[in-house]
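Novice:
Protein chains: 2
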Amino acid sequence: MNIRMDDLRLHDHRNCASCPIRHRAVCSKCEPDELELLDSIKYYRSYDPGQPVVWAGDPLDFVASVVSGIATLSQTLEDGRTQMVGLLLPSDFLGRPGRATAPYDVTANSKLLLCCFRRGPFERLLRETPSIAQRLLEMTLDELDAARDWMLILGRKTAREKIASLLTIIAQREASLQKLSPTDGSAFDLPLTREAMADYLGLTLETVSRQISALKRDGIIRLEGKRHIVVPDFDALIAETGDDADGGLLV
Amino acid sequence: MNIRMDDLRLHDHRNCASCPIRHRAVCSKCEPDELELLDSIKYYRSYDPGQPVVWAGDPLDFVASVVSGIATLSQTLEDGRTQMVGLLLPSDFLGRPGRATAPYDVTANSKLLLCCFRRGPFERLLRETPSIAQRLLEMTLDELDAARDWMLILGRKTAREKIASLLTIIAQREASLQKLSPTDGSAFDLPLTREAMADYLGLTLETVSRQISALKRDGIIRLEGKRHIVVPDFDALIAETGDDADGGLLV
DNA sequence: GAGCCACCTTGATACGGATCAAGCTGGCAG
DNA sequence: CTGCCAGCTTGATCCGTATCAAGGTGGCTC
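Here the protein sequences line up with chains A and B, keeping their order. In short: position in the first sequence from 1, add 19, done, that's our numbering. In short: position in the second sequence from 1, add 19, done, that's our numbering.
Rendered as structure tokens:
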């Protein structure tokens, strides 16, 4: 049996010291039966940067796990104003058992590889395998918490705080994928354009650019090229987010 | 066996014509075993307006369903800026299986009655009763969708659109609790103070007040007292939200 | 190497909502 | 009835971000 990275998030690897995300095969929680079931109904799809995965309202007959690349969920108002409402990084889950159409636009923001499960078989699996259902519930609850933290950012933070918060979130996710401590995540590539960052944060791309320049000018970050960020003092960045020092913004 | 309104949301009453929310006893989906299990571990708590249910970070040893009244989930930045991240109306669910502490401040915004289940027994029930786990997953997915719609409001709408959206959401929830069609929900009481509305929408209470006055001046709504809203033309209100005519904002 | 284009930066100005301030309203205690 | 106070309204002004505009940069194709 070939165990792949793509269905990892269906297990709670976070609490499993012997199971770094890229090597679930050694996880003591693995249940071979489940894996075999998942393996038997999965297939792959890949997308190019900018390519839509699905538009809001269109039928979506699979659920999927992100293997590599970045995808976004977004909503658009009549007049074109766009808000990103979800950011899918490797190991994130896409889709909803029990619903036939996509509620949001899903777009590949880079080269994107999805590991898909047809909805019918996946739902059957869910019904017959409580441990998978339970893991999916936990993942959904995590996403809900992330969405709520994001709401604080959108509703109450200044542009500067928004940028600092986004950089912190990306650094921490990057670090956690590589099993580093958060403070080690002090250099990383921005996976998003300025425009995508603006859509994430409810700003314009000009404001994003200005605030990044301001953080650079103030020595909070260094830029190498347009996309590579170096954070000399991670605590200084966190202090710019407006959160408590022990900030709970883990996404 | 005594069937109560409070654990109703653990069933999907929405798709069950014979099961209006207040009379689940006749629902064809009811599984007596589950009800008995839920009944056997539940108890009640009540709170006064303004009283905290739990502060973020404090231990929370129960999950609960709102029987009556309004509660809010909110987050506060160091300097006091507050954002509401969840609004709990009757039949909504509070708490998270598998976590021992509250992630957000929970506050009673009116007289509030909760139907509580101690976390331990509830989690055991969840493990042993897949249908309850599945229902909880669906509810969580609904909440996640609501949070994402809310993110669009916070990130991209003007103050006027925010107010119109909130009024629409409240009218529709009110209507759905009473099994009316959405357009009938054209008169209702605001369950929130101006300040709570501001915390919901990421505005100040002055701006909320001004925009409500503006909608009144423009004939979109009528006010009877400070809290009772009459909507003469529901489509006119929806047109103010900035959403597509067939707007997806069902919370 | 030349030219192009997506992406980004910076500047000038406009405007929506925050802030500060003053007063109104209605319900309740005494 | 009187006074009080939480909740609300309205006005004047300020500030942060949007908007409009111009130009820079780097990576790609030919």
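Virtual Cβ for every residue (Gly too), placed ideally from N, Cα, C. These numbers were taken from a predicted model, which means no experiment stands behind them.
Here's the rule I'm using: 16 or more other beta-carbon atoms within 10 Å means buried, otherwise exposed. How should K235/B be labelled?
Specialist: Exposed: under 16 other Cβ atoms inside 10 Å.
Novice: Let me check understanding here. Comparing Cα to Cα, which of D208/B, S205/B, A206/B and S228/B lies closest to E214/B?
Specialist: Among D208/B, S205/B, A206/B and S228/B, the Cα nearest to that of E214/B belongs to S228/B.
Novice: Would a check of beta-carbon distances place G114/A closer than 8 Å to chain B?
Specialist: Chain B contact via Cβ: absent.
Novice: Please confirm whether E157/B has its beta-carbon closer than 8 Å to some beta-carbon of chain A.
Specialist: For E157/B, the answer is yes, since a Cβ of chain A falls inside 8 Å of its Cβ.
Novice: Closer than 8 Å, CB to CB, is P162/B near chain A or not?
Specialist: Correcting the residue identity first, residue 162/B is Glu in this sequence and not Pro. Yes, E162/B counts as interfacial toward chain A.
Novice: Which residues in chain A have a C-beta closer than 7 Å to the C-beta of D263/B? List them in chain order.
Specialist: Within chain A, the residues near D263/B are E97.
Novice: Buried or exposed: where does D67/A fall if 16 or more other Cβ atoms within 10 Å of its Cβ makes it buried?
Specialist: The residue in question, D67/A, is exposed, as its Cβ has fewer than 16 Cβ neighbours within 10 Å.
Novice: Could you tell me whether any Cβ in chain B is nearer than 8 Å to the Cβ of P71/A?
Specialist: For P71/A, the answer is no, since every Cβ of chain B falls outside 8 Å of its Cβ.
Novice: Examine chain A for any beta-carbon lying closer than 8 Å to the beta-carbon of D254/B, and answer yes or no.
Specialist: Answer no: the Cβ-Cβ gap between D254/B and chain A never drops below 8 Å.
Novice: With 8 Å as the threshold, decide whether the Cβ of M170/A is near any Cβ in chain B.
Specialist: Chain B contact via Cβ: present.
Novice: Quick one: Cα of F81/B to Cα of R118/A, how far?
Specialist: For F81/B and R118/A, the distance between alpha carbons rounds to 30 Å.
Novice: Report yes if the C-beta distance between Q230/A and G174/B is below 8 Å; otherwise report no.
Specialist: No.
Novice: Counting only Cβ-Cβ distances shorter than 8 Å, please list the residues of the region 129-149 of chain B near chain A, keeping chain order.
Specialist: So the list reads L145, R146 and P149, given in the order they occur along the chain.
Novice: Listing by chain order, which chain B residues have their CB less than 8 Å from the CB of Q230/A?
Specialist: Correct list: empty, because the minimum Cβ distance to chain B is about 16 Å.
Novice: For chain A, find out if any of its Cβ atoms is closer than 8 Å to the Cβ of V104/B; answer yes or no.
Specialist: By this cut-off, V104/B is an interface position.
Novice: Would you tell me roughly how many angstroms separate the C-alpha atoms of I257/B and D252/A, rounded to the nearest one?
Specialist: In a straight line, the C-alpha of I257/B is about 47 Å away from that of D252/A.
Novice: Answer with yes or no whether the minimum CB distance from A83/A to chain B is below 8 Å.
Specialist: Closer than 8 Å: no.
Novice: Let me know the secondary structure DSSP gives T260/B once reduced to three states.
Specialist: Reduced to three states, the DSSP call for T260/B is coil.
Novice: Return the residue from the list L220/B, C134/B and F207/B that minimises the CA-CA distance to L106/B.
Specialist: Comparing Cα positions, the closest option is L220/B.
Novice: Would you tell me roughly how many angstroms separate the C-alpha atoms of E147/A and M216/B, rounded to the nearest one?
Specialist: Spanning the two alpha carbons is a distance of roughly 43 Å.
Novice: Going by DSSP in three states, S93/B sits in which element: helix, strand or coil?
Specialist: Correct three-state label for S93/B: strand.
Novice: Please say whether R167/B and V104/A have beta carbons closer to each other than 8 Å?
Specialist: Yes, Cβ-Cβ distance for V104/A and R167/B is below 8 Å.
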